[in-house]
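As you go down the protein sequences, you meet chains R and A in turn.
If you're matching positions, the first sequence starts at 63 in the working numbering and goes up one per residue.
If you're matching positions, the second sequence starts at 63 in the working numbering and goes up one per residue.
Beta carbons are placed, not taken as given, at the ideal position from N, Cα and C, and that holds for glycine.
Protein chains: 2
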Amino acid sequence: MRVTIKDVAKLANVAPSTVSRVIADSPRISERTKVKVREAMEQLGYHPNLNARSLANKSTQALGIVMPSATGKVLQNPFFPEVIRGISAKAYEEEYALYLTTGQTEEEIFEDVVKMVQGNRVDGIVLLYSRVDDQIMHYLYEKQFPFVVIGKPYKYTDDIHHVDNDNVKAALEVTDYLISLGHERIGFIAGTLDLVVTIDRLQGYERAMRLANLPYRNEYTIFQEFVQESGKNAVKKYLSLKEFPTALIVTDDIMALGVLAALHEMGIRVPQDVSVISFNNLMIADYTQPALSSVEVNIFDLGYEAANCLLQAIHHPQIAAKQITVNHEMILRQSCAPLQKND
Amino acid sequence: MRVTIKDVAKLANVAPSTVSRVIADSPRISERTKVKVREAMEQLGYHPNLNARSLANKSTQALGIVMPSATGKVLQNPFFPEVIRGISAKAYEEEYALYLTTGQTEEEIFEDVVKMVQGNRVDGIVLLYSRVDDQIMHYLYEKQFPFVVIGKPYKYTDDIHHVDNDNVKAALEVTDYLISLGHERIGFIAGTLDLVVTIDRLQGYERAMRLANLPYRNEYTIFQEFVQESGKNAVKKYLSLKEFPTALIVTDDIMALGVLAALHEMGIRVPQDVSVISFNNLMIADYTQPALSSVEVNIFDLGYEAANCLLQAIHHPQIAAKQITVNHEMILRQSCAPLQKND
DNA sequence: TTGTACGCGTTATCAA
DNA sequence: TTGATAACGCGTACAA
């Protein structure tokens, strides 16, 4: 049988409630009994039953993590382990555990979340993505359950805790940078349009083009999933156009990897023939050939800040929704070059 | 206030215990009351409190996942999300949730595990690595707590559930393959020596060399962490030798990425000057230049089988320790070539 | 400063 | 087939 608070109480010659107070380090217990009780705990190898505690407490000391529904290999993107590492770091500081959903489809994940929430498994939830009209976000919002979004909520933006980069600005800067190198035919390879991050970055790109009085061409914007194949596909589409872009903005390093591979295959040189710049600055960016210029978005910090924000929301339920912006920074490597005028 | 089993009972005009039986779909409850109770549950939006259930049940319907202590960027290796996806898939089938440790150092993680176990948070644990003399494994073993190791336990191998590839054989095959291409100076870039997987693969390599009557050179084996920098370092070390190897076996794709980058930088061509083959067949293997030959180890299956094994161990505590071997397969791409005799 | 008694929301045992 | 009632292990008023 497992050792309970009662066993400790018996051994220490005190009441169970006293033991409970010692665990909570209540100030109204004498040092002497504290020592006595702690010795008994030590001796018996006592550990509190967290379920019993949760039940009495109505608090679980656990956070739920919701990943996007994983169609295919999206989750192999190192983005996710890295955010989770950030969340983990903060959670550890405050002695919170982490809970993962196991569903694959959107519907399954939704059920997982409901179970987590209504089943009292977690005190709060981190959403690792922000999609347009997301059922799960909507549910949490309606339920007024503590949660934080990594990314920017599409609706009720000001009423929902969220942590994000300034993606509009980041995309604008990236585009400006390419323009400053002399590029005018700039392609934009984005994620799927249901993700808010896609919408934001696209907006930054468009704005920069407009400000520079460059034409916005519909056929230069391509929406794809965050996997390598997407990069390949995008390159193929560009090849079918009359004019291939001279520079490409890719919204994820993993996709960019596919782009580089496809270009290499076609004998299109980077950066001589086409410049490429992407987002996230994953570790691989340093190891592609040529090394990939990429926007550092501080993934770890996104996770850390999200957890931080969520914990505050849990401790102070009435707090106003926070919007935290994590810094970004262009990391320039070898994949971009001034436009070569060779006509 | 949350809606409990009592509220449902009241609305349905039955006793709480009856509601409980309906939830468990007990066969000794009339269809009529079942329907009645279910309607009440529906109407009130009832969801069971999982903590209360766990308390009464002594079962949590949750599995714990223990990752290796993350010094630096090791966890950015897509290996981890992929195993977890496998575990997730099986866990979902049996309606188990997943718990993550949040500690960073080995000591912290150990505490996490103790808390998980003694705190009754999980019914079993998956260890995502196998290290020599691992404190956590030792603890679980002593405690007789249900757990499964992904990898091969160093001690008590036959007494511990584990899921692994046949790494000795895999490394032997890889080495044989290179030998068959005419290579004799074959370098081996391994993980750290405290990991059992390193020991096994090294053994396969050595055996193949011996069987082929090729000399085993100490300076050709390099131990490193599973990150890209390691690949770079390894190449540097080889360069300091009198004879650079003509082929390299790398025990992880991420390290191989670093190797390829370093070789490229040095102007050493792959596969003309040196052949490279590695392990894990991550998605990136397809997108390096040249595309990387790699051993598919079926990471997803490792996770899936581990969860499967663990769940059986949980349901049948007295079952004998299982050892499951997951298939591997060499995937040949462009990074290996016959030895060029150019002297 | 400490002990008593009850509640947290379930499941399980024993009657009916 | 169903209903009381007692656990499960802990926290916390309230009392002492």
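Counting other Cβ atoms within 10 Å of its Cβ, A368 (chain A) reaches 16 or more and is therefore classed as buried. Nearest C-alpha to L125 (chain A) among A:Q374, A:E170, A:G186: A:G186. Rounded to the nearest whole angstrom, the C-alpha separation of V388 (chain R) and I386 (chain A) is 44 Å. In terms of beta-carbon proximity, M345 (chain R) lines the interface with chain A, with at least one pair separated by less than 8 Å.
The residue from R:I261, R:M317, R:Y154, R:G107 with its alpha-carbon nearest to that of N370 (chain R) is R:Y154. With contacts defined by Cβ atoms closer than 8 Å, L325 (chain R) and V336 (chain R) form a contacting pair. Contact annotation: the region 172-179 of chain A does not touch the region 232-251 of chain A, with fewer than three C-beta pairs closer than 8 Å. A Cβ-Cβ contact shorter than 8 Å links I127 (chain R) with Y161 (chain R). Short of 8 Å from the beta carbon of V136 (chain R), and not among the five residues preceding or following it, lie these beta carbons of its own chain, in chain order: P130, E287, F288, V289. Taking I393 (chain R) as the centre and dropping the five residues before and after it, the same chain places the C-beta of N343, A347, S355, S356, V357, E358 closer than 8 Å to its C-beta, in chain order. Contact check for K231 (chain R) and G266 (chain R): beta-carbon distance about 6 Å, within the 8 Å limit, so the pair qualifies. Nearest C-alpha to T283 (chain R) among R:N275, R:F306, R:E291, R:A274: R:F306.
Annotation: the region 181-211 of chain R contains the following complete segments of the alpha helix (DSSP H) (minimum length 4 residues), in chain order: 197-205. Looking at the DSSP output, I127 (chain A) bridges to A:L162, A:V188. Distance between Y216 (chain R) and K299 (chain R), taken at the CA atoms: about 29 Å. Note that the region 111-119 of chain R touches the region 114-121 of chain A; at least 3 beta-carbon pairs, one per stretch, sit closer than 8 Å. Taking every protein chain shown into account, the CB of H390 (chain R) has 16 or more other CB atoms within 10 angstroms, so this residue is buried.
DSSP assignment within the region 252-320 of chain R yields the following whole alpha helix (DSSP H) runs of 4 residues or more, N-terminal first: 258-273, 290-301.
Comparing C-alpha distances from L373 (chain R) to each of R:A233, R:V210, R:T350, R:P400 shows the shortest one belongs to R:V210. Closer than 7 Å at the C-beta level to chain A, one finds these residues of the region 180-197 of chain R: Q180, G181, N182, R183. Close CB contacts of L190 (chain R) within its chain, under the 7 Å cut and outside five residues either way in sequence, are with I127, V128, M129, P130, F142, V145, I212 (chain order). Non-local C-beta neighbours of I149 (chain R) in its own chain, meaning closer than 8 Å and more than five positions away in sequence, comprise L125, I127, L160, V188, G365, Y366, A368, A369, ordered along the chain. If you check each beta-carbon in the region 161-178 of chain R against every beta-carbon of chain A, the ones closer than 9 Å belong to Y161, L162, T163, T164, G165, Q166, E170, D174, V176, K177, M178. Interface residue (Cβ-Cβ distance to chain R less than 8 Å): S116 (chain A) is classified as such. In chain order, L137, Q138, F142, P143 make up the part of chain A whose C-beta sits under 7 Å from the C-beta of P143 (chain R).
Every alpha helix (DSSP H) of 4 residues or more that sits fully in the region 315-364 of chain A is shown, in chain order, as 315-328. With a cutoff of 8 Å on beta-carbon distance, Q334 (chain A) and Q402 (chain A) are scored as near each other. Taking the beta carbon of A153 (chain R) as reference, the chain A residues within 8 Å of it are T164, listed in sequence order. The beta carbon of E173 (chain R) sits closer than 7 Å to those of G165, all from its chain and outside the five residues before and after it, given in chain order. Taking a Cβ-Cβ threshold of 8 Å, the residues of chain R close to L112 (chain A) are K177, G181, N182, R183, in chain order. At least one beta carbon of chain R lies nearer than 8 Å to the beta carbon of S150 (chain A).
Think of a sphere of 9 Å around the beta carbon of Q290 (chain R): the chain A residues whose beta carbon falls inside it are M345, I346, D348, Y349, in chain order. Flagged as an interface residue toward chain R: A159 (chain A), by a C-beta distance shorter than 8 Å.
In the three-state DSSP reduction, N389 (chain A) falls in the coil class, being neither helix nor strand. One Cα belongs to D87 (chain A), the other to Q105 (chain A), and the distance between them is close to 18 Å.
Distance from the CA atom of R183 (chain R) to the CA atom of I67 (chain A), rounded to whole angstroms, is 17 Å.
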